[in-house]
Amino acid sequence: MQRQWEDEIVQYLDKCSVSQYATPYLTCCVCNCINFIDVPSIRGLQSRAKGGSSVFESLPPCCGCGRTRHLRTGATSFHAEIALETQAVEDFQKKRVPAAIDMQVRNAHPLVYAYATTTTTSTTSSSSSQQPPPVVETVFWYDSAEEFGVFCWDYREFVRRTGGRPPLWRVEANVREVTRRILNREYVLVTRLQARWRGITARSSIYELKKQVGWLRSLRHSPAIRIQRQLRTHQCRRRCKRLRRDVGRDVRMSDYATLHQQRQQAETKRYLQQTLMTKYRHHFQHTSAVKLLGGTVEPFQAFARPVPASPPARVLPSSHPSNQSDPRISTHAPSRFMRAKQKLDVAASRKQRRSHFPDKLRAQVYDTSEHERVEGLY
1468 MQRQWEDEIV QYLDKCSVSQ YATPYLTCCV CNCINFIDVP SIRGLQSRAK
1518 GGSSVFESLP PCCGCGRTRH LRTGATSFHA EIALETQAVE DFQKKRVPAA
1568 IDMQVRNAHP LVYAYATTTT TSTTSSSSSQ QPPPVVETVF WYDSAEEFGV
1618 FCWDYREFVR RTGGRPPLWR VEANVREVTR RILNREYVLV TRLQARWRGI
1668 TARSSIYELK KQVGWLRSLR HSPAIRIQRQ LRTHQCRRRC KRLRRDVGRD
1718 VRMSDYATLH QQRQQAETKR YLQQTLMTKY RHHFQHTSAV KLLGGTVEPF
1768 QAFARPVPAS PPARVLPSSH PSNQSDPRIS THAPSRFMRA KQKLDVAASR
1818 KQRRSHFPDK LRAQVYDTSE HERVEGLY
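The sequence shown maps to residues 1468 to 1845 in our numbering.
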């Protein structure tokens, strides 16, 4: 009995001394949580070397983060270490991560890259703006392709090779400044493109909208336009009828008076010719009969018939005082009616001239009523 108790004591001490878990407390150095374990239940190296199972020792996961990687033996507070590590990580993220992200400078457009790496900026003049132009921070960059390649590969290695000239903080600040300028320039250019595209789409939409509105307006106004067109046509026709009666009335009346006078003169001339020929024919017959009878022949006397008075000319209204003195006298240029009449008269006169003179004289001497030809005329 005593021997068995001693063996258990030795076995327990063996487990506590040989095993790496000499304490039942395990502290996580990440979340600073304390975990409790049963140390005797975990096998030691000696028991495993004596022919025990080769299964690895199993640990319960941390109750805070759920991992076993950061467990430390003992009940120790890692609050200070965790705070220092967190601060270091934050400082590292503030410097390294933005600098690594800002290396998109390599993919920037050449024009944007040149704009961002200049030491001056082209802002509006002070005359057009009340505020002075902003001060632009001076930046430096690398012109050599090899240096720029090493810088983009690992700028910390580049700073180490250059001996810290410029220092690391200066390089990181320079990268952030150049990247900020590139992003701002890209934002400006993208904004311009978007504004122009919105302008194009808006103008096309407004143009299409105006077309549709105009089309609908034309459909709505088409009946009114037709009615207005018919009304204007009717008014113009009535006005043209009045103008036909009023405009050119003096010219027409003077043409009518001149034509009437010419007709009267032609009729008078024709009447005189017919009367003279009839008297001469009767006198010739009378002379022949008197000669046969042996009487006295009287000389031929042509008594002209008095010219019939022409009908009184139509008196023009008082609104046309130009032809009140003598309506038969035309003091204006001949109208189209008179010109056409003159052409017809000329054509008729030419046609009459073509006939032979003896035929005309024979037709005048020949008496159609007595059906005989006057002899001794030729």
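Just so you know, even glycine gets a beta-carbon here, dropped at the ideal spot from N, CA and C.
All values derive from a computational prediction rather than experimental measurement.
task: Determine the burial state of Cys-1529: buried for a count of at least 16 other Cβ atoms within 10 Å of its Cβ, exposed for fewer.
output: buried
message: Suppose only complete runs of 3+ residues qualify. What are the beta strand (DSSP E) ranges in the stretch 1633-1702, listed by chain order?
response: none
query: From Arg-1719 to Gln-1809, what distance separates their C-alpha atoms?
result: 16 Å
message: Could you pull the DSSP bridge partners for Leu-1493 from this structure?
response: Asn-1502 and Thr-1540
field: Exposure of Ala-1776, with buried meaning 16 or more beta-carbon neighbours within 10 Å
entry: At Ala-1776, the pLDDT of 48 sits below 50, so the modelled position is not reliable and the matter cannot be decided from this model.
- prompt: Is the number of C-beta pairs between the stretch 1490-1499 and the stretch 1534-1547 that are closer than 8 Å three or more?
  reply: yes
- prompt: Candidates Ile-1667, Gly-1715, Arg-1563 and Cys-1532: which alpha carbon is nearest Tyr-1622's?
  reply: Arg-1563
message: Using the three-state DSSP reduction, which class does Ser-1802 fall into: helix, strand or coil?
response: coil
task: Answer yes or no: do Arg-1652 and Tyr-1582 have a C-beta to C-beta separation smaller than 8 Å?
output: yes
- prompt: Over what stretch of residues does the alpha helix (DSSP H) that includes Leu-1759 continue unbroken?
  reply: 1716-1760
query: Are the beta-carbon atoms belonging to His-1546 and Asn-1502 less than 8 Å from one another?
result: no
task: Taking only the alpha-carbon atoms, compute the straight-line gap between Gln-1554 and Ser-1671 and give it to the nearest angstrom.
output: 56 Å
message: Suppose the cutoff is 6 Å on Cβ atoms and the five residues either side in sequence are ignored; what does the same chain contact list for Val-1617 look like?
response: Phe-1625
task: Express the C-alpha separation of Lys-1736 and Phe-1804 in angstroms, rounding to a whole number.
output: 24 Å
message: Can you give me the C-alpha to C-alpha distance between Glu-1552 and Gln-1560, rounded to a whole angstrom?
response: 12 Å
query: CA-CA distance, Asp-1713 and Thr-1725?
result: 20 Å
- prompt: Which residue comes first and which comes last in the alpha helix (DSSP H) that contains Val-1626?
  reply: 1622-1628
- prompt: Where Phe-1751 and Ser-1721 are concerned, what is the direct C-alpha to C-alpha distance, given to the nearest angstrom?
  reply: 45 Å
message: Can you tell me where the alpha helix (DSSP H) holding Leu-1578 begins and where it ends?
response: 1577-1583
- prompt: By a C-beta neighbour count over all protein chains shown, 10 Å radius and 16 as the cutoff for buried, is Thr-1646 buried or exposed?
  reply: buried
- prompt: CA-CA distance, Thr-1700 and Ser-1802?
  reply: 29 Å
query: Assuming Val-1579 contacts Ile-1649 under a Cβ cut-off of 8 Å, what Cβ separation, rounded to an integer in Å, is found between them?
result: 6 Å
- request: Tell me whether Phe-1545 sits in a helix, a strand or coil according to DSSP, three-state version.
  value: coil
query: What residues in its chain sit with their C-beta under 8 Å from that of Trp-1636, if we drop five residues either side in the sequence?
result: Lys-1562
- prompt: In whole angstroms, what separates the C-alpha of Leu-1739 from that of Arg-1705?
  reply: 49 Å
- request: Indicate the three-state DSSP secondary structure (helix, strand or coil) for Gly-1533 in the structure shown.
  value: coil
task: Assign Gly-1616 to one of three DSSP states: helix, strand, or coil.
output: helix
message: Can you tell me whether Thr-1763 is helix, strand or coil according to DSSP?
response: coil
message: Just to confirm my understanding: we take Cys-1707, look at its own chain, exclude 5 residues before and 5 after, and list those with CB closer than 8 Å. What are they?
response: none
field: Buried/exposed call for Glu-1639, threshold 16 Cβ in 10 Å
entry: buried
- prompt: What is the rounded straight-line gap between the Cα of Pro-1491 and the Cα of Ala-1550?
  reply: 26 Å
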